[in-house]
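**Student:**
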Amino acid sequence: MRVVIAEDQALLREGLARLFRDGGHHVVAALRDADQLLDTIAHEQPDLAVIDIRMPPTFTDEGARAAHSIKQLHPGVGVLLLSQHIETAHAVNLVALGGFGYLLKDRVLEVGEFLATAERVAAGGSALDPMVVANLVAPADSGPVGRLSERERGVLELMAQGLTNTAIANRLVVSERTVEAHVRHILTKLDITDSEDGHRRVRAVLAYLNSAHHT
Amino acid sequence: MKRLHLRRVPALLLVATLAVEAVAVALSWGLEPRYDTVLYAFYAVIVAGAGALIVSRHPGHPIGWLFIADATFTAVAADLAQGWGLRAAQQHWPAGPFAEWVALWSWIAGGPLGVLTLLLFPDGHLTRPRWALIAWANIAGVALLVPGFSLSPDIGDLFVGDRNPYAVDASWRSALLTVGMPMFLGSLVVAIVPLVQRLRRATGVERLQLRWFVFASMCAVVILPVVALLWSVAPVVRPLTALALIAMPVGAAIGILRYRLYDIDVVISRTLAYGALSVVLAGTYAATVVVIGAAVGRGSDWSTAGATLAATVVFGGVRHRVQDIVDRRFNRARFDALQRMTTFLDELRSGRAVPEDVERLLREALGVEDLHLLLLLPASELTVDLAGVSVTDDLDDGRRRWPIRHAGTTLGTLVAPAELAERGSLVPKVLDAAALAVEIARLRVGLRRQLDEVEASRARIVAAGDEERRRIERDLHDGAQQRLVSIGLALRHTQHVLGPDVDPDVNQTIDDAVAEITVAIDELRELARGLRPAHLDTGLGPALRDLARRAPLPVEVVANGDRYPTEVETAAYFTACEGLTNAVKHARATKVVLRAFHERNRVVLVVVDDGVGGAIAQNGSGLAGLADRVAAHGGTFRIDSDPGRGTTLIAEFPCAS
């Protein structure tokens with residue numbers, strides 16, 4: 007996996023690069039800000055861009071805006087946003103695009119899980135930090151959210167984290183067929199109809215997140 | 018010395034006029050109609066008195082001297098001469114016919130004095146230079162008429178001897194009379210025109226001052242020529258002359274005494290007050306001496322002491338009352354103005370008026386619209402108006418300034434048209450009376466300004482505090498947290514380098530260290546959120562939802578994604594935090610609703626719980642601190658918390674967008 011890193015803090019930048027290298031990946035560039043990021047992406051066409059959400063000069067959402075541009079110009083490049091805290095607005099806007107992940111920065115310390123998530127995103131999957139999901143899902147006590155059962159909500163939470171049905175089945179210790187049934191019910195209750203669009207799962211998560219976000 | 022000497026002249030002339038008139042009345046008494054004797058003497062005394070008064074206040078004022086000259090001339094040339102002539106004819110004294118002759122034409126010779134009075138009244142200046150022609154025409158008329166009239170044989174019947182001893186029967190004399198009479202009478206009549214114009218142009222007090230004199234003068238210039246023409250034909254009209262003449266100085270006196278013309282009221286009122294007081298004191302003294310004398314014997318020390326005591330007691334009580342009565346009669350304007358101020362202070366004391374009304378009161382009391390109070394603030398030495406707005410006094414605007422003092426402190430300045438100065442002590446007296454109200458107004462304005470400054474600084478302190486929280490939050494996220502992640506990554510790298518064959522203890526130790534680091538990062542994140550939630554960067558709505566998510570009870574958030582100014586979002590967020598804390602800690606609530614919305618230029622935050630109610634913002638409590646925080650942003654804070662009916666907190670913050 008070819009990786010581009012954008013992180014303003016030198017120590018952390020080096021640590022991340024080393025982490026990917028230790029995991030057997032190829033870090034093609036490690037940048038200190040978002041300025042050169044798009045050019046580098048265009049030039050290197052990496053599998054994954056790992057971007058800190060706060061970078062110079064304003065330390066607000068430079069990384070999030072860069073992520074948006076990358077997803078528009080190079081939909082094939084996976085983008086993994088890292089943040090010190092949860093800012094749901096960015097997650098909701100980007101997760102629909104696929105090949106996108108949004109994690110708290112300290113998730114990198116769980117090396118195995120982190121690299122697995124990074125690979126999933128690079129392969130076109132989605133990943134939302136459990137904290138983000140909790141943030142969005144917890145106050146769901148009205149609207150379509152209210153129609154879901156507790157178990158269904160749990161399944162949707164795991165869907166939002168980008169887990170496959172198999173992974174969800176393992177996590178919940180149920181059969182894969184049960185998970186498939188739950189997913190069907192969830193899609194029905196959220197009025198997500200069958201279509202050629204392959205992103206029904208993402209749409210389910212989105213509908214869910216949006217309803218929670220705009221309560 | 019010279020000045021002193023000059024000032025005595027009018028008084029001496031007044032005394033002389035009185036003496037001359039006394040002699041004239043004595044001489045004429047019984048030898049001519051009584052009205053003639055009395056009215057002309059009366060006329061001379063009034064004119065002399067008015068003249069002396071005016072000159073005493075305004076030395077060198079033309080009208081004063083004209084009056085004095087007229088009175089002196091009339092007393093000597095008309096009244097004394099006539100008296101002498103009459104008495105001489107009866108007593109066979111010398112120069113009788115000559116005196117009669119002088120008296121007969123003296124009225125003509127005095128004409129220019131009358132014309133000048135009409136032209137110059139009241140300020141001593143011509144309204145237009147060309148009106149001087151009228152005076153010259155009158156003087157020329159006099160020059161022609163005096164010989165033409167005095168040498169005429171036709172006035173013989175006016176002498177006691179039925180014959181004009183100086184008669185000259187010549188055609189040039191008739192010609193002088195024929196030309197001189199119309200010039201004299203005509204200029205006299207025309208002289209009224211500038212005076213009437215003055216009246217028509219005058220406004221306010223000046224109009225009142227002029228009105229009576231102009232009215233009397235108009236009557237006089239109509240009556241006098243008619244009477245002059247009918248003098249010999251119809252003697253019955255003769256008393257009209259005296260009445261018409263007296264009307265003029267009476268008209269002037271009304272202007273002077275009642276409407277403060279020449280600012281003379283003060284002199285009069287003091288004179289009258291102390292005169293009346295002297296009479297009362299003397300009466301008291303005398304009465305006491307008599308009464309005590311009758312009781313304890315004449316010449317006793319007791320009666321003297323008792324009388325003195327009585328007079329002293331009477332003096333204290335009576336002085337103000339007498340001054341009051343005199344003021345009412347003779348100093349209306351000042352009396353009314355001071356009366357108004359006294360009433361205002363009473364209303365102020367009883368709370369029916371506010372001290373800031375003092376400016377309006379001064380406008381009314383002094384009868385001037387263009388009047389302003391400038392207050393000197395004690396601490397800052399700033400000059401402000403009554404609204405507390407700092408102003409710079411434009412000293413070159415042609416208006417006058419009066420200092421306002423109270424108990425040795427300068428409170429400020431009264432700015433008003435310079436003409437007010439002509440009303441003498443009126444302004445200083447009224448300002449003295451108003452000083453207390455001005456002082457209160459000044460202190461209030463000062464307090465209000467200080468309060469504004471305190472509120473502004475409180476808002477700045479809160480904003481600085483919020484900014485500091487924001488900075489620390491950033492530092493925690495971007496500094497400490499990031500470093501911990503770096504350290505964790507370094508440990509993981511070490512683990513990787515050591516490989517799978519390392520001592521399991523080492524692996525375990527590294528895993529524990531990384532776990533510790535993760536906990537530390539979480540704690541730092543919570544700490545930063547408590548300082549200032551990073552969610553506020555994305556808006557009030559997300560921050561409230563984050564708050565709700567972490568609450569230990571169900572919290573419903575009703576808020577859209579609207580953005581407001583940072584300080585408003587921060588204040589609203591902490592209001593919600595405190596409301597939520599109250600609901601959890603004290604209200605035993607089972608459900609809370611947080612609502613944030615924008616309405617009529619205000620951001621409103623409502624926290625409703627279903628708890629026990631009865632919350633109050635006590636000193637030192639979180640709710641009191643909250644009220645302070647809301648107030649610091651110029652907002653309002655309300656708690657509805659009846660026991661048993663839950664608690665509703667409503668905070669409103671001004672927000673224009």
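Read top to bottom, the protein sequences are chains Y and H. Per our numbering, the first sequence starts with residue 7, numbered consecutively. Per our numbering, the second sequence starts with residue 18, numbered consecutively. Virtual Cβ for every residue (Gly too), placed ideally from N, Cα, C.
(1) Distance, Cα to Cα, Glu616(H) vs Gly651(H)?
(2) So Val629(H) packs on Gly596(H), CB below 8 Å; how close in whole Å?
(3) Would you tell me roughly how many angstroms separate the C-alpha atoms of Thr184(Y) and Ala641(H), rounded to the nearest one?
(4) From which residue to which residue does the beta strand (DSSP E) around Gly107(Y) run?
(5) Using the rule of at least 16 other Cβ atoms within 10 Å of the residue's Cβ for burial, across every protein chain shown, is Ser169(H) buried or exposed?
(6) Is Leu391(H) helix, strand or coil when you go by DSSP?
(7) Please list, in chain order, the residues of the region 515 to 540 of chain H that have any C-beta partner in chain Y closer than 8 Å.
(8) Cutting at 6 Å between CB atoms, please list the residues of its own chain near Arg542(H), excluding the five before and the five after it.
(9) Give the straight-line distance between the Cα atoms of Ala12(Y) and Thr64(Y), rounded to the nearest whole angstrom.
(10) Determine the chain Y residues that contact Asp495(H) at a beta-carbon separation under 9 Å, and present them in chain order.
(11) Strictly below 7 Å CB to CB, what residues from chain Y border Arg509(H)?
(12) Can you name the residues that DSSP bridges to Gly429(H)?
(13) When you compare the CB positions of Ile76(Y) and Leu44(Y), do they come within less than 8 Å of one another, or not?
(14) For Ala16(Y), is the classification buried or exposed, using 16 other Cβ atoms within 10 angstroms of its Cβ as the cut-off for buried?
(15) Just how far apart, CA to CA, sit His32(Y) and Leu86(Y)?
(16) With 16 other CB atoms within 10 Å as the buried threshold, where does Asp363(H) fall?
(17) Beta-carbon of Ala560(H) versus every beta-carbon of chain Y: anything under 8 Å?
(18) DSSP beta-bridge partners for His32(Y)?
(19) Identify every run of the alpha helix (DSSP H) within the region 128 to 213 of chain H, keeping only runs that are complete inside it and at least 4 residues long; order them along the chain.
(20) Could you give the distance in angstroms between the alpha-carbon of Arg177(Y) and the alpha-carbon of Val161(Y)?
(21) How would you list, in chain order, the residues of chain H whose beta-carbon sits under 9 Å from the beta-carbon of Gly69(Y)?
(22) So with CB distances below 8 Å, who are the chain Y contacts of Gln467(H)?
(23) Please look up how many angstroms separate the CB atoms of Ile156(H) and Pro129(H), rounded, as I've assumed it's under 8 Å.
(24) Within 10 angstroms of the Cβ of Arg60(Y), are there 16 or more other Cβ atoms? Answer buried if so, exposed if not.
(25) Please go through the same chain and pick out, in chain order, the residues whose beta-carbon is closer than 6 Å to the beta-carbon of Ala450(H), but skip the five residues on each side of it.
(26) Spell out whether any CB of chain H is found under 8 Å from the CB atom of Gly21(Y).
(27) Excluding sequence positions up to five away, which residues of its chain have a Cβ less than 8 Å from the Cβ of Leu570(H)?
(28) Any idea if Leu326(H) is buried or exposed, counting beta-carbon neighbours within 10 angstroms, 16 or more meaning buried?
(29) Along the chain, where does the alpha helix (DSSP H) containing Val119(H) start, and where does it finish?
(30) With a threshold of 8 Å on Cβ separation, who are the neighbours of Gly417(H) within its own chain once the five nearest residues in sequence on each side are excluded?
(31) Do three or more CB pairs link the region 542 to 561 of chain H to the region 576 to 587 of chain H at distances below 8 Å?
(32) Report yes if the C-beta distance between Ala576(H) and Leu561(H) is below 8 Å; otherwise report no.
(33) Can you tell me which of the three DSSP states Glu669(H) falls into?
(34) Residues in its own chain within less than 8 Å of Ala396(H) by CB, not counting five upstream and five downstream?
(35) At 9 Å on the CB atoms, spell out the chain H contacts of Lys77(Y), in chain order.
(36) At a CB-CB cut-off below 9 Å, which residues of chain B make contact with Leu18(Y)?
**Tutor:** Let me spell this out:
(1) Looking at the two C-alpha atoms, the distance is approximately 16 Å.
(2) Not quite, the Cβ-Cβ distance comes to about 15 Å (not below 8 Å), so this is no contact.
(3) 54 Å
(4) 106 to 110
(5) buried
(6) strand
(7) Val531, Ile534, Thr535, Ile538, Asp539
(8) Cβ neighbours of Arg542(H) beyond the five flanking positions: none.
(9) 15 Å
(10) Per Cβ cutoff of 9 Å: Asp14, Gln15, Arg60, Phe65, Gln90.
(11) Within 7 Å Cβ-Cβ: Leu25, Leu115, Val117.
(12) Bridge partners of Gly429(H): Leu392(H), Ile421(H).
(13) yes
(14) exposed
(15) When rounded, the distance between both Cα atoms is 16 Å.
(16) exposed
(17) no
(18) Arg8(Y)
(19) 128 to 137, 149 to 167, 188 to 207
(20) In a straight line, the C-alpha of Arg177(Y) is about 10 Å away from that of Val161(Y).
(21) Under the 9 Å cutoff, chain H gives no residues; its nearest Cβ is about 13 Å from Gly69(Y).
(22) Within 8 Å Cβ-Cβ: nothing; Gln467(H) doesn't reach chain Y, min ~39 Å.
(23) 5 Å
(24) buried
(25) Leu355, Met358
(26) Interface criterion met: the Cβ of Gly21(Y) is under 8 Å from a Cβ in chain H.
(27) Ala600, Val601, Ala606, Thr607, Lys608, Val609
(28) exposed
(29) 113 to 126
(30) A small fix is needed here, since residue 417(H) is Arg in this sequence, not Gly. Taken in chain order, the residues that qualify are Val432, Ala433, Pro434, Ala435, Leu437, Ala438.
(31) yes
(32) yes
(33) strand
(34) Gly463, Gln467
(35) Within 9 Å Cβ-Cβ: nothing; Lys77(Y) doesn't reach chain H, min ~19 Å.
(36) Although the question refers to chain B, the structure presented lacks it and instead comprises the protein chains Y and H.
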